[in-house]
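I have placed the structure first, in the form of structure tokens, so that the comments after it can refer back to it.
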Amino acid sequence: MQQATPQIKSAKGASFNMDVAAIRAKARQDIESGAVTDGYRADRETVLKLLNEALATEVVCVLRYKRHYFMARGLNAEPVAAEFAEHATEELSHADRIAERIVQLGGEPNLSPVGLLERSHSEYVEAHTLKEMIKENLIAERIAIDSYRQMVDYVGDKDPTTRRLLEEILAVEEEHADDLSDFLAKN
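Its first residue numbered 18, the sequence shown is counted upward by one per residue in my numbering.
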């Protein structure tokens, strides 16, 4: 039984036709590709490379924040250390979401410690004073912000799911930078 193609008219009179039968037929082809259909318009290999770099960046940020959380000392250390711990948790959540998206796109999340720093956009700087720790984390957040903006621009409308993920993470990275900037002004 053939289903009629729905036709939708906009307020301006333009129509939109959806060929449901064709969509159903395409969905049955190449099903081992999971979420990646013929309609996927981005360069999947490039997107996977960018996502694995973002994954490495998030892992490096988790490690740096955790070190700084445990090493924070001084009169003003308690609230700053708590912020470091919160940021580490959020960065780990970002890493999980990115790894999940990599798998959805048919890739493999690269969580190998070998080459982690080379894949990461941010650096792992231990820092020794509270002020240095805040500065290094702020620098890393600024790197992440610019990296995510460039990835969002690259992906554009070719992969709206990845773009939304990157934009959501970008918003949190901007919040982190703002938090750290506030601490830096106080210390």
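Built from N, CA and C at the ideal position, the CB exists for glycine as well.
Anticipated Cβ contact below 8 Å, residue i with residue j, distance rounded
i	j	result
residue 81	residue 154	7 Å
residue 111	residue 140	The pair is not a contact, with the Cβ atoms about 17 Å apart (cut-off 8 Å).
residue 79	residue 89	About 16 Å; that fails the 8 Å criterion.
residue 197	residue 135	So it is not a contact: roughly 25 Å between Cβ atoms.
residue 107	residue 189	6 Å
Helix, strand or coil at residue i according to DSSP, with G and I counted as helix
i	result
residue 69	helix
residue 89	coil
residue 189	helix
residue 41	helix
residue 53	coil
residue 94	helix
residue 196	helix
residue 99	helix
residue 219	Within the shown structure, residues of the chain are numbered from 18 to 204, placing residue 219 beyond reach of any answer.
Own chain partners of residue i with C-beta closer than 6 Å, once the 5 adjacent residues on each side are dropped
i	result
residue 115	68, 71, 72
residue 77	137, 139, 141
residue 124	65
residue 109	79
residue 173	none
residue 104	82, 193
Neighbourhood of residue i by C-beta distance below 8 Å, restricted to the same chain and skipping five residues each side
i	result
residue 118	68, 178, 179, 182
residue 201	148, 151, 152, 155
residue 133	73, 76, 77
residue 203	93
residue 194	155, 158, 159, 162
Proximal residues to residue i (C-beta, below 7 Å), its chain only, five neighbours per side dropped
i	result
residue 187	162, 165, 166, 169
residue 143	84
residue 102	86
residue 53	61, 122, 123
residue 175	58, 59
residue 55	43
residue 191	162
CB contact below 9 Å: residue i versus chain C
i	result
residue 90	Chain labels in this structure do not include chain C; a single protein chain is all it has.
**Prompt:** Can you list the alpha helix (DSSP H) stretches of 4 or more residues lying completely in the stretch 112 to 175, in chain order?
**Reply:** As far as the stretch 112 to 175 is concerned, its whole alpha helix (DSSP H) runs of at least 4 residues are 133 to 136, 147 to 172.
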